[in-house]
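>
In the numbering used here, the protein residues as written are 1 to 136.
(1) Should residue 123 be labelled buried (16 or more other beta-carbon atoms within 10 Å of its own) or exposed?
(2) What are the partner residues of residue 63, as DSSP defines its beta bridges?
(3) Rounded to whole angstroms, what is the Cα-Cα separation between residue 54 and residue 61?
(4) What first and last residue would you give for the beta strand (DSSP E) that runs through residue 47?
(5) Helix or strand or just coil, what does DSSP make of residue 15?
(6) So for residue 85, helix, strand or coil by DSSP?
(7) Using CA atoms only, rank isn't needed, just tell me which of 108, 121, 120 and 103 is closest to residue 114.
(8) Identify whether residue 75 lies in helix, strand or coil by the three-state DSSP scheme.
(9) Closest by CA to residue 134, which one among 117, 126 and 125?
(10) DSSP three-state label for residue 7, please.
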C-alpha cells in the first residue's frame with residue numbers, strides 16, 4: 001500500500017536555499033533513498049499580520065506577522081478604552097515570518113482580566129490592528 005509521508009524543517013529560514021536527501025526505512029528494515037531535493041524558502045512579498053491563535057485564548061496566544069524587508073517592529077496590546085496594556089515587541093526584525101506570544105499579563109507582569117483586547121503591529125510606516133479575546 002502507498003503511504004503519504006511528510007518532512008517538516010522548522011529551522012528553515014526565508015531567503016535561504018536548502019538541499020535534502022531523505023531515506024525511507026520500512027518496518028522490515030528495507031531502505032529506499034530518494035533523490036536530493038532543492039528547496040528555496042521564499043521571503044514574504046508584503047507586510048501582513050495574521051489573527052492571533054488561539055482566539056479566544058487562555059493562558060497564551062500567538063501573533064504571527066510577515067516582513068518583506070528588515071524593519072523596526074512595535075507590537076502593543078491595548079484594552080477597549082485604548083489604554084496600553086503591554087508592549088510585546090519594540091525592536092528591529094529581519095525579513096521573514098515571525099511569531100510573538102502574549103501571556104495575558106500587563107507591562108508590570110500582572111495577569112489582566114478576561115475581555116476583549118486589541119493588538120497593533122507597526123512595521124515601518126505600515127500598521128494593522130486586530131481584536132482578540134482573553135478568557136480566564
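Ideal Cβ positions, reconstructed from N, Cα and C, are used throughout, including at glycine.
So, from the listed chains and residues:
(1) Here residue 123 refers to the residue found at position 123 of the chain shown. It is buried - the Cβ of residue 123 has at least 16 other Cβ atoms within 10 Å.
(2) Taking the chain shown and counting its residues from 1, the one referred to as residue 63 is at position 63. In the DSSP output, where bridge partners are listed per residue, residue 63 has 100.
(3) Position 54 of the chain shown, counted from the start, is the residue given in the question as residue 54. Position 61 of the chain shown, counted from the start, is the residue given in the question as residue 61. Cα to Cα, residue 54 sits roughly 6 Å from residue 61.
(4) The sequence position of residue 47 within the chain shown is 47, counting from 1. Neither: residue 47 is in no beta strand (DSSP E) and is coded neither H nor E.
(5) Here residue 15 corresponds to residue number 15 of the chain shown, with the count starting at 1. It is coil, neither helix nor strand.
(6) To locate residue 85, count along the chain shown from 1; it is residue 85. In this structure, residue 85 counts as strand in the three-state DSSP scheme.
(7) Looking up residue 114 in the chain shown gives position 114. It is 103 whose Cα lies nearest to the Cα of residue 114.
(8) By one-based count along the chain shown, residue 75 stands at place 75. Three-state result, residue 75: strand.
(9) Counting from one through the chain shown, the residue named residue 134 turns up at place 134. Comparing Cα-Cα distances from residue 134 to each of 117, 126 and 125, the minimum goes to 117.
(10) The residue labelled residue 7 in the question sits at position 7 within the chain shown. Here residue 7 sits in coil by DSSP.
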